[in-house]
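Below is one structure; the comments refer to it alone.
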Amino acid sequence: MNMPQRLDAGALDSLASDISKIAGISVERNAPSGPLCTYRVGGPIGVLARIETPDALTALAERVAVHDPLPMLVIGKGSNLLIADVGFAGLGLLLVGDAFTAIDISGVTVTAGAAAPLPLVARASVREGLTDFEWAVGVPGTVGGGVRMNAGGHGSDMSANLVSVDVVDFQRGGRHTIAAGDLELGYRRSNLAAHQVVVAATLRLAQASVEPHEEDKTAGEATLSDIVRWRRSNQPGGQNAGSVFTNPANDSAGRLIDVAGLKGRRVGTAEVSTVHANFIQVDPNGSANDVMALMREMVAAVDAMSGIRLHAETRLVSFADVDVAFVQPMPTNPHLRTRNGSATTKDGTIE
Ligand SMILES: Cc1cc2nc3c(=O)[nH]c(=O)nc-3n(C[C@H](O)[C@H](O)[C@H](O)COP(=O)(O)OP(=O)(O)OC[C@H]3O[C@@H](n4cnc5c(N)ncnc54)[C@H](O)[C@@H]3O)c2cc1C
1 MNMPQRLDAG ALDSLASDIS KIAGISVERN APSGPLCTYR VGGPIGVLAR IETPDALTAL
61 AERVAVHDPL PMLVIGKGSN LLIADVGFAG LGLLLVGDAF TAIDISGVTV TAGAAAPLPL
121 VARASVREGL TDFEWAVGVP GTVGGGVRMN AGGHGSDMSA NLVSVDVVDF QRGGRHTIAA
181 GDLELGYRRS NLAAHQVVVA ATLRLAQASV EPHEEDKTAG EATLSDIVRW RRSNQPGGQN
241 AGSVFTNPAN DSAGRLIDVA GLKGRRVGTA EVSTVHANFI QVDPNGSAND VMALMREMVA
301 AVDAMSGIRL HAETRLVSFA DVDVAFVQPM PTNPHLRTRN GSATTKDGTI E
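Here the sequence shown is numbered in my numbering, starting from 1 and rising by one per residue.
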């Protein structure tokens with residue numbers, strides 16, 4: 001069965017009215033997506049549900065089964081998302097309640113809600129004398145987005161410490177625990193599909209030393225500060241979504257884009273950063289379609305120069321004319337593929 005890319009206005013109205021009856025969920029029709037994404041661009045979300053509790057999320061999963069199949073999009077901090085100007089004509093989910101941001105640490109085990117910001121998890125773990133998760137202080141996403149993307153940096157990534165995730169599955173229904181080994185975590189990818197919503201993740205970290213000392217925390221704090229300082233001097237601020245493209249084998253996307261002479265190249269409201277060529281900066285009141293047009297130019301220029309095809313790290317949502325070669329390879333496990341069984345949807349959208 002093919003998953004529809006867009007619900008029509010009537011279907012969205014009916015979805016909004018139906019799910020607004022669920023306790024612990026507030027619903028907004030045609031919610032602007034710009035404020036939800038670090039690019040601060042993008043069109044409206046047809047139906048945006050703000051979810052207060054894991055139980056409300058599970059109830060929602062049961063309820064929307066009647067709207068099946070349903071295009072859906074979970075939004076964390078929106079720090080790796082580019083939603084087209086046309087918007088997303090489906091169900092958007094925001095996990096907003098305290099249960100989704102809780103961070104519990106017991107020994108070396110850290111359990112964090114899906115909406116917990118990665119930098120806060122990194123800082124909390126260092127405060128408890130733990131090590132191995134300091135890298136996450138520089139990644140401005142959530143635990144859920146971090147798992148989905150297998151976020152990483154400074155020589156590590158989520159897969160290094162992830163034990164398991166709890167997921168509410170909008171196709172199977174109910175809440176399930178998935179072991180990290182079953183997520184096919186690879187370079188900036190996992191096999192989680194759009195209908196699998198991460199609720200919480202469990203990490204196993206290491207103690208900074210056998211007998212935790214105050215000095216260990218101080219050393220951890222120093223590492224956090226070093227990472228933050230490094231980010232501030234090597235990456236631009238402003239409206240961006242981090243690295244636009246994944247690094248090809250044995251090379252860096254930023255280096256290739258730089259050598260192709262594209263630093264400072266502008267399309268409309270979007271510009272290749274002059275600080276880091278694999279970042280795109282967007283003007284206030286900018287356009288997602290400008291970002292996409294610039295991405296196409298970057299891909300074409302690097303291809304023409306080197307024969308290397310760049311792939312988007314940014315998750316691209318609702319672009320009607322995306323070349324599928326643009327997107328990352330998707331799950332190989334047939335049981336965990338998207339509902340229509342293809343690695344990408346027909347229009348190349350990967351959500
Ligand atoms: C300045 C800057 C620096 C960055 N540096 C890095 C870096 O060093 N390393 C790195 O890996 N990334 C980096 N990023 C990208 C981004 O922060 C990461 O990919 C992050 O993990 C995305 O998390 P998010 O919550 O913002 O996810 P979003 O951007 O909101 O979503 C990304 C994907 O995850 C899905 N998702 C979000 N929440 C959930 C959930 N609860 N359950 C299931 N799926 C979910 C979304 O549907 C989408 O497919 C950077 C971004 C910026 C802006």
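Note that CB positions come from ideal geometry on N, CA and C, so glycine has one too.
Everything numeric in this text was worked out from a predicted model, so none of it was measured.
>> Contact defined as beta carbons within less than 8 Å: I believe residue 121 pairs with residue 110. What is the distance between those atoms, to the nearest angstrom?
In response: Taking the first residue of the sequence shown as position 1, residue 121 is located at position 121. Taking the first residue of the sequence shown as position 1, residue 110 is located at position 110. Confirmed, Cβ separation roughly 7 Å.
>> On the criterion of 16 or more Cβ atoms from any shown chain inside 10 Å, does residue 143 qualify as buried, or is it exposed?
In response: Looking up residue 143 in the sequence shown gives position 143. By the neighbour-count rule (16 or more Cβ atoms within 10 Å), residue 143 is buried.
> So is residue 21 buried or exposed if we call it buried at 16+ other beta carbons inside 10 Å?
Replying inline: As a position in the sequence shown, residue 21 is number 21, starting the count at 1. Exposed, by the Cβ-count rule.
> Taking just the CA atoms, how far does residue 276 sit from residue 236?
Replying inline: Working through the sequence shown from its first residue, we reach residue 236 at position 236. Working through the sequence shown from its first residue, we reach residue 276 at position 276. The straight-line gap from Cα to Cα measures roughly 7 Å.
>> Alpha carbons only, please: which of 286, 251, 253 is nearest the one belonging to residue 82?
In response: In the sequence shown, residue 82 corresponds to position 82, counting from 1. Selected option, being the one with the closest Cα: 286.
>> Along the chain, where does the beta strand (DSSP E) containing residue 200 start, and where does it finish?
In response: Counting from 1 along the sequence shown, the entry for residue 200 is found at position 200. Its beta strand (DSSP E) spans residues 196-204.
> In angstroms, rounded to a whole number, what distance separates the CA positions of residue 349 and residue 289?
Replying inline: As a working mapping, residue 349 is identified with position 349 in the sequence shown. As a working mapping, residue 289 is identified with position 289 in the sequence shown. Note on residue 349: pLDDT 42, under 50, position unreliable in the model; the coordinate value appears next. Those two C-alpha atoms are separated by around 14 Å.
>> Going by DSSP in three states, residue 271 sits in which element: helix, strand or coil?
In response: Within the sequence shown, numbered from 1, the residue matching residue 271 stands at position 271. Three-state DSSP puts residue 271 in a strand.
> Does the Cβ of residue 104 have 16 or more other Cβ atoms within 10 Å, making it buried, or fewer, making it exposed?
Replying inline: For the purposes of this step, residue 104 is identified with residue 104 of the sequence shown, where counting begins at 1. Residue 104 should be labelled exposed.
> Does the beta carbon of residue 32 fall short of 8 Å from some heavy atom of ligand 1?
Replying inline: Looking up residue 32 in the sequence shown gives position 32. Residue 32 Cβ: outside cutoff for every heavy atom of ligand 1.
> If you follow the alpha helix (DSSP H) that residue 118 is part of, which residue opens it and which one closes it?
Replying inline: To locate residue 118, count along the sequence shown from 1; it is residue 118. Residues 118-127.
>> Could you compute how far the alpha carbon of residue 19 sits from the alpha carbon of residue 42?
In response: On the sequence shown, residue 19 is found 19 positions in, with the first residue counted as 1. On the sequence shown, residue 42 is found 42 positions in, with the first residue counted as 1. Taking the straight line joining both Cα atoms gives about 24 Å.
> Which of helix, strand or coil does DSSP assign to residue 223?
Replying inline: Position 223 of the sequence shown, counting from 1, holds the residue named residue 223. In the structure shown, the three-state DSSP call for residue 223 is helix.
>> Quick check on DSSP: helix, strand or coil for residue 234?
In response: Taking the first residue of the sequence shown as 1, we reach residue 234 at position 234. Residue 234: helix per DSSP, three-state reduction.
> If you compare alpha carbons, which of 307, 269, 304 is closest to residue 292?
Replying inline: Walking along the sequence shown from the start, residue 292 turns up at place 292. Among 307, 269, 304, the Cα nearest to that of residue 292 belongs to 269.
> If you count every other CB in all the chains shown that lies within 10 Å of the CB of residue 62, and 16 or more means buried, which is it?
Replying inline: If you number the sequence shown from 1, residue 62 lands on position 62. Under this definition residue 62 is an exposed residue.
> For residue 112, which residues does DSSP report across the bridge?
Replying inline: One-based indexing of the sequence shown puts residue 112 at position 112. Paired residues: 103, 201.
>> In this structure, how does DSSP classify residue 93 when only helix, strand and coil are distinguished?
In response: Your numbering for residue 93 matches position 93 in the sequence shown. The answer is strand: DSSP assigns residue 93 an E or B state.
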